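In the UniProt record's numbering, the protein residues as written are 1 to 322.
Don't be surprised by glycine CBs; every beta carbon is placed ideally from N, CA and C.
Small disclaimer: the values here were computed from a predicted structure and weren't measured.
Input: a single structure, listed below in structure tokens.
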């Protein structure tokens, strides 16, 4: 296992290097540069002053020199500066990363609390009225676009019933660190996380249902029943445990979603996370922030495959990764 992890981590180095080159070249191919967003935000800036800044920052240098300088700073932990917000990118990402982590974590919890019981019921009682309702829910949730469903949830529970806030991550009038501040934080998280969770249960429900139905027909289950093992123990010790393998296989990608976040959810609910920052940085041409965010999402995607393999080998002792 240790050799496998080390080997995969070493493979990640050229993958991330290639990703950084592609990202940097795509950013250079887009119209404008790192200062373009600042010019759009402040149209009264003197063009001569901006040209002097470009020369000072090395934005007029050949692309390979700019790339070497950028990747060198990145390896030293220097993410650069957002010229639109006039702050360090590391400071800009701090609170937003925490917000996205909380949103993704709560979404993941809600998704599994909904999907696992429904998948077990649908698999244990196939073709029953409960199974038909769950399969129907699966089809509907798969067909509805996330942004449409999120808008409906926001309109119904945010504006019409006024049960939840319609934007932000916390009430600005509450003092930070108090009990009311944490309750306000949770209150702002519930509606967007439930909206995302209700439409992200499709894969887990379907995989779990299919695996339970297939596992019930296997020989070791028939042998356990022939020995007189109670049906409840057959499901908990044999069927359910083996049926969790596909769910565990995708757990690594789900964990990546915690930090990757949902761009649609954060935009619709005006939630200040990484997804919202990514969209606003593109529209404002803040390429230095866009480059770092794409690198972060790419790193998390590569890391997700590694986590999935490790988790799967832990859940299923029959699998050994050498």
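Rounded to the nearest whole angstrom, the C-alpha separation of residue 127 and residue 154 is 34 Å. Following the DSSP letters along the chain, one finds residue 65 inside the alpha helix (DSSP H) bounded by residues 63-75. Taken through DSSP and simplified to helix, strand or coil, residue 170 comes out as coil. Boundaries of the alpha helix (DSSP H) harbouring residue 204: 202-215, taken from the DSSP string.
The C-beta distance from residue 134 to residue 240 rounds to 16 Å, too long to meet the 8 Å contact threshold. Check the Cα spacing between residue 28 and each of 65, 53, 3 and 230: the tightest is with 65.
DSSP places residue 266 inside the alpha helix (DSSP H), whose first and last residues are 263-268. Sequence-distant partners of residue 106 (beyond 5 residues in either direction) whose C-beta falls short of 6 Å from its own C-beta, in its chain, are 189 and 193. Between residue 281 and residue 288, the alpha-carbon positions lie close to 9 Å from each other.
Taking the CA atoms as reference points, residue 137 sits about 43 Å from residue 14. Short of 8 Å from the beta carbon of residue 5, and not among the five residues preceding or following it, lie these beta carbons of its own chain, in chain order: 306 and 310. A Cβ-Cβ separation of about 5 Å places residue 291 in contact with residue 23 under the 8 Å criterion.
Counting every other CB atom within 10 Å of its CB across the protein chains shown gives residue 236 a total below 16, marking it as exposed. The C-alpha of residue 245 is placed about 47 Å away from the C-alpha of residue 86. Straight-line measurement puts the Cα of residue 83 at about 20 Å from the Cα of residue 68. Secondary structure note for residue 285: it is in no alpha helix (DSSP H), with a DSSP letter that is neither H nor E.
In this structure, DSSP gives residue 128 a state outside helix and strand, which the three-state scheme calls coil. In the DSSP assignment, residue 187 falls within the alpha helix (DSSP H) that extends over 179-198. Collapsing the DSSP output to three states places residue 234 in a helix. In its chain, beyond the 5 residues on either side, 107, 110, 111 and 114 have a beta carbon closer than 7 Å to the beta carbon of residue 197.
Boundaries of the alpha helix (DSSP H) harbouring residue 220: 219-226, taken from the DSSP string.
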